[in-house]
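K.L.:
Okay, so the sequence shown: first residue is 128 according to this note's numbering, each after it adds one.
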Amino acid sequence: MLGQELFGTWTTDAAGESGRTAEAPAIGAVWRWEIQSDTRAARSALQRQDEALRRDQQNIQKALRRLSDFIEAWTPGQSAQAKSLPEQPQSPEAVLAATLDRIGMPQAKGWLDPLQGAWAEFDAFVRRVRELVSHYAVIETASDGALIARTFVSWTGDFQSLWRDGTTAAQARLHERNVRIALARRALLIRLMSMIGASAARIVLRLATPGAQLLVLPALWQFIRDVIEELRRAEARSVS
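Written out as structure tokens, the structure is:
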């Protein structure tokens, strides 16, 4: 599932039970990275996390750009005539255009059943992203099951770090990199959610269907998912 992959090691209440009590701090999400005792191996593992983040950033940027281009070219009921849309019948743009045309039809309900799966995915994604910003987020670095450092991040971006006694300079640097990666991934998730919402608003303005936004949102999520899968397949072919 795309949403799960994009979260990396972030875990939230929306993904499972947290065991929170009335006395416990309101922690909405936890990012925990277990480092290897060998510093060089730990750096290599962290580098792989960094590379995965950059790939996701690039793919989401490309998908959002294609979505923006689609909206500029799309006209309700005339998607087939939009010159800027790809000609391939099964392209993400073609699928989205056909879906939006069905959303604009009074008898659309039965035709849009396939969107139910996309809606469930998008709803779970939104709830988890909200957990990232509604309460404190915690970023942890551990080794051999023992916590090295823990950083608390508020929804305003303020943070405080706690360190285990005896933490080495190398371990401190690894935790700082871990924090940067975790926060960058959180920012990516927030941006994706906000851009999908803004794009849906642009489309709904051109539709006269009551409640259209509830249908457009999962359609756009499906588009983003399809574009990213397309980009990943292309990347896999290029390295094979």
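Just so it is clear, CB atoms sit at the ideal spot from N, CA and C, and this is done for glycine as well.
1) Is the segment 287 to 299 in contact with the segment 309 to 321, if contact means three or more CB pairs nearer than 8 Å?
2) Consult DSSP for L274 and reduce its assignment to one of helix, strand or coil.
3) Residue range of the beta strand (DSSP E) that G155 falls in?
4) Give me whichever residues DSSP pairs with L289 in a beta bridge.
5) What did DSSP end up calling I351 once you bin it into helix, strand or coil?
6) Who are the near neighbours of T138 in its chain, counting only those whose CB is closer than 6 Å to its CB and skipping five residues on each side?
7) Just how far apart, CA to CA, sit I351 and L194?
8) For W246, which of helix, strand or coil comes out of DSSP?
9) Identify whether T336 lies in helix, strand or coil by the three-state DSSP scheme.
10) Could you tell me whether the segment 182 to 198 touches the segment 318 to 335, using the rule of 3 or more Cβ pairs below 8 Å?
11) Could you check the C-alpha separation between R170 and Q163 for me, to the nearest Å?
12) List the endpoints of the continuous alpha helix (DSSP H) containing T166.
13) Taking DSSP's pairing of strands, which residues face W282 in a bridge?
14) Kindly give me the distance between the Cβ atoms of T283 and I266, rounded to whole angstroms, as I take these residues to be in contact under 8 Å.
15) Can you tell me the Cα-Cα spacing of Q349 and E178, whole angstroms?
P.N.:
Taking the geometry as given:
1) no
2) Residue mapping note: residue 274 aligns to position 147 of the sequence shown, counting from 1. Three-state result, L274: strand.
3) As a first step, residue 155 is located in the sequence shown; it is residue number 28 there, counting from the start. Per DSSP, G155 belongs to the beta strand (DSSP E) from I154 to I162.
4) As a first step, residue 289 must be located in the sequence shown, where it is residue number 162. Looking at the DSSP assignment, L289 forms a beta bridge with R277.
5) Walking along the sequence shown from the start, residue 351 turns up at place 224. Looking at I351 - three-state DSSP - the assignment turns out to be helix.
6) Position 11 of the sequence shown, counting from 1, holds the residue named residue 138. Closer than 6 Å at the Cβ level, and outside the excluded window around T138, lie V157.
7) Walking along the sequence shown from the start, residue 351 turns up at place 224. Walking along the sequence shown from the start, residue 194 turns up at place 67. When rounded, the distance between both Cα atoms is 8 Å.
8) Here the question's residue 246 lines up with position 119 in the sequence shown. When secondary structure is reduced to three states using DSSP, W246 falls in the helix class.
9) If you number the sequence shown from 1, residue 336 lands on position 209. Three-state DSSP puts T336 in coil, outside helix and strand.
10) Because the criterion of three Cβ pairs below 8 Å is met, the segment 182 to 198 and the segment 318 to 335 touch.
11) Here residue 170 corresponds to residue number 43 of the sequence shown, with the count starting at 1. Here residue 163 corresponds to residue number 36 of the sequence shown, with the count starting at 1. Distance between the alpha carbons of R170 and Q163 is about 9 Å.
12) Counting from 1 along the sequence shown, the entry for residue 166 is found at position 39. From DSSP, the alpha helix (DSSP H) with T166 extends over T166 to A200.
13) As a first step, residue 282 must be located in the sequence shown, where it is residue number 155. The partner list for W282 (beta bridge, DSSP) is empty, contrary to what the question assumes.
14) Taking the sequence shown and counting its residues from 1, the one referred to as residue 283 is at position 156. Taking the sequence shown and counting its residues from 1, the one referred to as residue 266 is at position 139. That belief does not hold up - the Cβ atoms of T283 and I266 are roughly 16 Å apart, past 8 Å.
15) As a working mapping, residue 349 is identified with position 222 in the sequence shown. As a working mapping, residue 178 is identified with position 51 in the sequence shown. Distance between the alpha carbons of Q349 and E178: 25 Å.
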